[in-house]
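**Student:**
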Amino acid sequence: MLLFSRFKSSWIKHVRLNLNLIVFTRCCKTTIVLRESCKMVQVLNVAEKNDAAKNIAQLLSRGRMNRREGRSQFNKIYEFEHNLFNQNVKMSVTSVSGHLLTSDFVGNYKKWQAVNPVALFEAPIHKFVAQDYQNIKRTLEDETKKSKYLIIWTDCDREGENIGYEVITVCRAIKPNIQVFRAKFSEITYQSIARALQNLGPPNKNVSDAVDVRIELDLRIGAAFTRFQTLRLQKVFPDSLGQSMISYGSCQFPTLGFIVERYKAIQDFVKENFWKLKVVWELNEEERVDFLWKRHHLFDQAVVQILLEKCQENPEAEIIKVQTKNKSKWRPLPLDTVELEKLASRKLRINAKETMKIAEKLYTQGFISYPRTETNIFPKELDLNPLVQCQLLPKILLQTVDPAWGGFAQRVLDEGLNPRQGKKSDQAHPPIHPIKYAENLNNENERKLYEFIVRHFLACVSKDAQGYETVAEIEIQEEAFVASGLQIVARNYLEVYPYERWSDRSLPQLNEGQRFIPTSITMEEGETSPPQLLSEADLISLMEKHGIGTDATHADHIETIKSRQYAGVQGDGRFLPCSLGMGLVQGYDAMGIALSKPNLRAELEADLKRVCDGERNPNDVLREQIDRYRGVFVQAVEQVIKIDEALSTFFNEERQEAPPLIPEGGPDGSLPYRKCPACNLDMTLRRKKDNGPFFFSCMGFPDCKTAVWLPATVQFVEIDAQKCNACPSHPPLLRFNFTPGAYTPFYPDNHTGCIGGCDPNFMELLGIRPLATQARNQNNTQPNNTSVVNNSANSSGYASGSQRSQYSSSSSRPSAPFPPPRPQGQPRPMASNNVRSTRPLVPSAFPGASQQNFPSQPYFRQPVPISLPENNNGDSMIVCKCRDAPDALLLTVRKEGPNTGRQFYKCAKPQGGCDFFLWADAGTNIAAPAPNGRGGGGGAVFRQPSTRTERRDSGDSETYCDCDGGGRELATTRTTQKPGPNCGRQFYCCSKPRESQCNFFKWMDDNGASGSGSAQGSREGFGRGGSDRDGGSRGRGRGRGKSSEPSSSNARRARKCGNCGEEGHTRNNCPDLA
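Below, the structure written as structure tokens:
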């Protein structure tokens, strides 16, 4: 009974445990299902800088965010959950570091010495991610894969909009259907960020397009003029400018022009003397009134002297008018970017570049609003009263405990805000104003600039200063004199704004009709003074007035002319032009070209504004501006001697002979020939150094490797003005000068022809193929010249040694039309699928044919052409193991090592070929035909054509092949040239062209049956054979095996260590190095 009770208890526990396990398992499954069904949507947020991303994430998450590392150590990822689009989402906030994409020219256009600078106005440009930004790109790609939405948080200006579209481009390359939104904000505060998130909209493509136009124009114009100036002036003035880059920018040159113009105005200024009268009345020791002549001054001393004497004869003065009126000194306008730069330069002695750098930092830290704005009007929707009355400003920004401005801030709150309004608005950002109180700014300039922004904001929302002005006018002998005084009643904004002065000038009590005798009446002499040199503030004012640059770029242009030593800054902060800057401006002015004037750039800035507003097409603006500046460039090139003459007056050195301008196409005399069929760039006619062969190459190299190499028999070639009407693309004709007799009688030594493919016979003689055929073998093509991709084909040919060449062209058969039937007795033209060849260009059967071989070109495959059955010159060729037995390629090892310079053969097929390999100088054995009917083996055989009427054997008997059942076609004899036991041995084979040959094979000294198939050679080989008329199998076969006559020269050597020379190990695991 006890045992049963224990069993029952144990059984119940076991059942309960199983039930609990079942319930737990079902609960886990339910939880997993619920989690899968409730998986949050992920939203990718991208800011312009890491600090901005961090602050945005911190504000939206209320400090509850997680940080994780991205691929870039400078751009973190901040994650938190948030409610967006009426659902809980997972927010990932990351950043870029300014512009993500870089623009540059492609291929040879990037090389200063490769092209004429004028070609840069039309050269293709591509955008790409620079190497330093690849990790940022990868971070965006990783996060895009997990995200459904993309929100752009870049700065809300032109550049920020363009950076946003760069981010969109990268993200949509990974996920084309990702939904994109734009967040618009002007300050990094919770209210502003939250408002932007609630009012998401689409990005503005027009604004981004305007930036793209500006970037492309700056690149083209700047590169063309900079290369032109630098390459020439470095040679003309080697001592002064030999190591200098003489840059040009369509904004920096007008900026330099303002400085030079002011300097020349001072230099040309002629001083003039003038004279004026002055009346002084001293009432007592403490009160004195100075009356100024109402005429101001006259330039005729005699007249002033007469008037002085007249007044001194009867000096009694009468007060004819006393006028008192209210006088106000206006408070400053709300702060925009230009005013911030100017006032910081004037009042704080901080240059514009440093000012904007500090302002950007204060903005990203959340201390001030966005610092790049053209607005000086506080928008109506921005209610300033809540900003001051809320907990944010009174306790953080305008703390009354702050001794600097606390009391004034409290009074502004009590009296009410009264902001002064300007007239400018960019409809994007409010004026610059403080956001929160900054109490831990360690940098002196940061504290000064932040304090200035706070005081300026408080001043513009307070009241004007008030006072009374008294003006008294007296008359002496009909000559009027005036004195004025000022009494300040209420300083108001001046109490918090020490950057402006307004002082009292007291006058004693004066009454109309009152008469008095002045203390003195004198004549004072003076002279006119020239204008002052421009300060940075003056320069920025001129740039803004004439539309040079934008508020965001003024500082950059000023820094550029300073760094290029076009202008310098004196101790008092005023600009003085340097010799180089003066010479350049004077040289262009002498040409009559307005490059140093603001007109051209101002027109461009106006057009860009219209593009932003959707009033103009960006492509039209781009085309017009390129044409305009190209015309100016051509004019400058024609009159460049005037720049030399202008600079020579400033440099203490003798002018050197100016180098010739780079020819159109390149410095080696290369000329544009036609558009590349693969990428649509220019193809140019060039010549290798040291009078090497001529060739046509694409300007997109190395991205596009389309090229045509002409044989060495072309001694000279030039592009003709006449077009080829037979080719669809109508390329120019070429005027050739061949080696004497090279192509006689088919083509004269001086021949005008086309290599576009319309003359197949000519193409085959030159050993080249049409460009259109090469283009079809390219893996990638390019439809236009605005974005370039890699156009190079993946060649299957090997470069030097065993390395695959990055320059090799495709080796597929040309698709040009077949040539017409050959005349009777004319040799079959040589066909080559490659650019270069290593055997003689023309068979010796051609009268006067040159036996000069093509020069070997590194990185280009050098095939052995197909056999010429009717050629009697005894040329021998090597064939590989493929069924169609194509001629092997002869290549040269270029890789550094023991085999450098050694030649070898390999299969010529680009794909699907055999693994044939043979050293050209190796003594590989070629096996004799086996009794079982297999043909001669070995890696390859040499074939030597001979005439069909030759007598066979010593018995004058004739040997026939197997064509048409045998006995009808006379066989030809060939000799094995490969070193080995069969070297010099002759054999019979079919005399027809290779594509029509039968499989007949027979050794001349072998009276036995001939065989067919593959021989058992030292390497895997493919032999030709067929049964003779006495019997035996006929046909082609493949066989693998060992040579019946092994060769020690072909035996594979054991690999030795590169360190100690011993066998059995390599350098990596050498015991001596352990």
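Here the sequence shown stands for residues 11 to 1084, where the numbers follow the numbering used here. Each residue gets a CB set at the ideal place from its N, CA and C atoms; glycine is no exception.
If we call anything under 8 Å between Cβ atoms a contact, is residue 717 one with residue 707?
**Tutor:** The answer is yes: Cβ separation under 8 Å.
**Student:** Going by the CB atoms, is the gap between residue 170 and residue 271 shorter than 8 Å?
**Tutor:** No, the pair does not count as a contact, with Cβ atoms beyond the cut-off.
**Student:** In terms of residue numbering, what span does the beta strand (DSSP E) encompassing residue 543 cover?
**Tutor:** That residue, residue 543, is in no beta strand (DSSP E); it is neither H nor E in DSSP.
**Student:** Go through its chain and collect everything with a Cβ distance to residue 966's Cβ below 7 Å, but skip five positions before and after it.
**Tutor:** Because residue 966 sits at a pLDDT of 43, beneath the cut-off of 50, its placement in the model cannot be relied upon, and the point is left open.
**Student:** What is the residue span of the alpha helix (DSSP H) that residue 365 lies within?
**Tutor:** Element bounds for residue 365: 362–374.
**Student:** Tell me, please, which residues DSSP counts as bridged to residue 482.
**Tutor:** DSSP output for residue 482 lists 332 and 493 as bridge partner(s).
**Student:** Is it a yes or a no for the region 519–529 touching the region 347–363, going by three-plus beta-carbon pairs under 8 Å?
**Tutor:** Not touching, per the Cβ criterion.
**Student:** Do the region 295–307 and the region 553–569 make contact, defined as three or more Cβ pairs closer than 8 Å?
**Tutor:** The answer is no - the region 553–569 does not touch the region 295–307, with fewer than three Cβ pairs under 8 Å.
**Student:** Counting along the chain, where does the beta strand (DSSP E) carrying residue 89 start and finish?
**Tutor:** 87–94 is the extent of the beta strand (DSSP E) around residue 89.
**Student:** With distances taken between CB atoms, is the gap from residue 507 to residue 469 smaller than 8 Å?
**Tutor:** Contact flag set, yes.
**Student:** Out of 650, 931 and 985, which one is the CA nearest neighbour of residue 238?
**Tutor:** Minimum Cα distance to residue 238 is reached at 650.
**Student:** Residues in its own chain within less than 6 Å of residue 438 by CB, not counting five upstream and five downstream?
**Tutor:** Counting only Cβ-Cβ distances below 6 Å, and skipping sequence neighbours, we find 166.
**Student:** With distance defined between alpha-carbon atoms, name the residue in 287, 328 and 61 nearest to residue 198.
**Tutor:** Nearest option by C-alpha distance: 61.
**Student:** Looking at C-alpha atoms only, which residue of 429, 658, 772 and 544 is the closest neighbour of residue 266?
**Tutor:** Comparing Cα positions, the closest option is 544.
**Student:** Let me confirm a value: residue 742 is counted as buried when at least 16 other C-beta atoms fall within 10 Å, else exposed. Which label applies?
**Tutor:** So residue 742 ends up on the buried side.
**Student:** Comparing C-alpha positions only, which one of 931, 924, 224 and 132 sits nearest to residue 913?
**Tutor:** Cα-wise, what sits closest to residue 913 is 931.
**Student:** Any idea if residue 503 is buried or exposed, counting beta-carbon neighbours within 10 angstroms, 16 or more meaning buried?
**Tutor:** Buried.
**Student:** Please state if the CB of residue 714 and the CB of residue 117 are separated by a distance shorter than 8 Å.
**Tutor:** Taking 8 Å as the Cβ cut-off, residue 117 and residue 714 qualify as a contacting pair.
**Student:** With a Cβ-Cβ cutoff of 8 Å, do residue 550 and residue 328 count as a contact?
**Tutor:** No, Cβ-Cβ distance for residue 550 and residue 328 is not below 8 Å.
**Student:** List in chain order: all unbroken beta strand (DSSP E) runs of 3+ residues lying wholly within the region 243–304.
**Tutor:** Qualifying beta strand (DSSP E) stretches, in chain order: 283–292 and 298–303.
**Student:** How would you write the range of the alpha helix (DSSP H) that residue 457 sits in, first residue to last?
**Tutor:** Taken as a continuous stretch (DSSP letters only), the alpha helix (DSSP H) holding residue 457 covers 454–470.
**Student:** When DSSP builds the beta bridges, which residues end up paired with residue 138?
**Tutor:** Partner(s): 112.
**Student:** Tell me whether residue 551 sits in a helix, a strand or coil according to DSSP, three-state version.
**Tutor:** Three-state result, residue 551: helix.
**Student:** Secondary structure at residue 881, three-state DSSP: helix, strand or coil?
**Tutor:** Note on residue 881: pLDDT 37, under 50, position unreliable in the model; the coordinate value appears next. Coil.
**Student:** Give a yes or no on contact between the region 181–189 and the region 115–132, applying the rule of three or more CB pairs nearer than 8 Å.
**Tutor:** The region 181–189, when compared against the region 115–132, does not touch it at the 8 Å Cβ threshold.
**Student:** Return the chain-ordered list of same chain residues with a C-beta closer than 7 Å to the C-beta of residue 279, the five sequence neighbours on each side being excluded.
**Tutor:** So the qualifying residues of the chain are 540.
**Student:** Quick check on the DSSP output: what are the complete beta strand (DSSP E) runs of length 3 or more inside the region 162–219, in order along the chain?
**Tutor:** Whole beta strand (DSSP E) segments, 3+ residues: 189–192.
**Student:** Among all the DSSP beta bridges, which residues are the ones paired with residue 696?
**Tutor:** Answer is 705, bridged to residue 696.
**Student:** Could you please give me the residues that DSSP links to residue 724 through a beta bridge?
**Tutor:** Looking at the DSSP assignment, residue 724 forms a beta bridge with 748.
**Student:** Between 164, 423, 495 and 368, which lies nearest to residue 451 when the distance is taken from Cα to Cα?
**Tutor:** If we check each option's Cα against that of residue 451, 368 comes out closest.
**Student:** In its own chain, which residues sit with a C-beta less than 6 Å from the C-beta of residue 144, not counting the 5 before and 5 after it?
**Tutor:** Once the five neighbours on either side are set aside, residue 144 has no close Cβ partner at all.
**Student:** Does the region 130–150 touch the region 102–116, meaning 3 or more C-beta pairs lie closer than 8 Å?
**Tutor:** Verdict: yes, contact present.
**Student:** Give me the residue from 76, 81 and 85 with the minimum Cα distance to residue 101.
**Tutor:** Nearest of 76, 81 and 85 to residue 101, Cα basis: 76.
**Student:** May I ask you to report which of helix, strand or coil DSSP gives residue 1044?
**Tutor:** The pLDDT assigned to residue 1044 is 37, lower than 50, so where the model puts this residue is not dependable; a value taken from the coordinates is nonetheless given after this. Three-state result, residue 1044: coil.
**Student:** So, using beta-carbon positions, are residue 998 and residue 983 closer together than 8 Å?
**Tutor:** A contact, by the Cβ cut-off of 8 Å.
**Student:** For the structure I just gave you, are there three or more beta carbon pairs, one from the region 610–621 and one from the region 679–698, closer than 8 Å?
**Tutor:** The answer is no - the region 679–698 does not touch the region 610–621, with fewer than three Cβ pairs under 8 Å.
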